[in-house]
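Some notes on the structure that comes next.
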Amino acid sequence: MKRRFPSSWPGRVAGFTMIELLLVVVIIMISSAIAVPSFIKSYRGAKLRTSARTVTMVHRHARSMSVLGQKQIAILFDAKKNEVEVVSVTSGAGSEGQDMFLDQRSQRTSQSVDAAHEEEAGGEGAAAEASVSSQMIRPMADGVRIADFESEKSGQVVDELYWINYYPNGMCDKYELTLTDAYGKSAEIKVDALSGRVAIEYP
């Protein structure tokens with residue numbers, strides 16, 4: 003015969019009490035207060051980080067093109083349009099070819115560059131005959147601009163336009179640039195001339 007013992011909690015009813023529910027609500031509110039500002043901060047900096055990665059990608063692409071193709075490649079940083087552009091430079095182009103390219107550059111867009119590559123791939127490209135030709139244009143994210151640029155060797159060729167050379171031996175002109183976004187945040191990008199290493203800091 004089984005004996006039944008009385009419950010040690012005779013007055014307890016299944017379910018949550020009001021105090022327990024309030025405690026859960028308080029915990030949720032505290033968690034939200036901590037998580038939401040962090041999420042907003044991360045979202046605000048997303049475009050700045052994307053633009054910094056774009057600069058890094060373009061740098062590596064230009065360096066690879068120069069080494070694999072054994073030819074000079076250049077990057078143009080346009081602080082007016084907030085774009086970065088990869089440029090192929092044939093041997094003997096000189097300053098005359100550079101000046102001619104820059105004169106025509108104001109009419110160039112990323113679509114025209116893509117169209118020129120399609121023609122070149124089809125064997126009809128007059129762009130292939132140019133001593134200096136655009137290979138790729140990448141814009142900064144919306145609200146992100148090129149705020150500052152420094153280089154020991156290369157510099158400003160025209161107003162707010164900076165030319166950086168990449169060489170077949172894997173080296174490039176040393177340079178530093180600062181990107182800023184609409185929220186006043188900044189990213190400092192430094193490129194080493196010998197190793198090609200890119201360092202990004204978010205002060």
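Quick note, the numbering used here runs 2 ahead of the 1-based positions in the sequence shown. All C-beta atoms in this analysis are idealised placements derived from N, C-alpha and C, irrespective of residue type, glycine included. None of these values were measured; they are calculated from a predicted model.
Query                                                                                                                                        : Result
Would you tell me roughly how many angstroms separate the C-alpha atoms of S135 and I32, rounded to the nearest one?                         : 57 Å
I believe Y164 touches S153 by the beta-carbon criterion, under 8 Å. Please report the beta-carbon distance rounded to the nearest angstrom. : 7 Å
Measuring only the C-alpha atoms, how far is L179 from V69?                                                                                  : 23 Å
Would you give the residue range spanned by the alpha helix (DSSP H) that L179 belongs to?                                                   : L179 -> not in any alpha helix (DSSP H); beta strand (DSSP E) instead, spanning Y177 to T182.
Quick check on DSSP: helix, strand or coil for Q137?                                                                                         : strand
How many angstroms separate the CA atom of E87 from the CA atom of P205?                                                                     : 26 Å
Relative to the C-alpha of E85, which candidate in M67, A76, D105 and R147 has its C-alpha closest?                                          : R147
Could you check what DSSP says for A149 in three-state terms: helix, strand or coil?                                                         : strand
For F221, list the residues DSSP reports as bridge partners.                                                                                 : Absent from the model: residue 221. The displayed extent of the chain is 3 to 205, so no value can be given.
Work out the CA separation of F103 and I202 for me, nearest whole Å.                                                                         : 31 Å
Can you tell me which of K73, D105 and G145 puts its alpha carbon nearest to the alpha carbon of N171?                                       : K73
By Cβ distance, which residues of its chain are closer than 6 Å to M138, with the 5 residues on each side in sequence left out?              : V88
In three-state terms, what does DSSP make of A189?                                                                                           : strand
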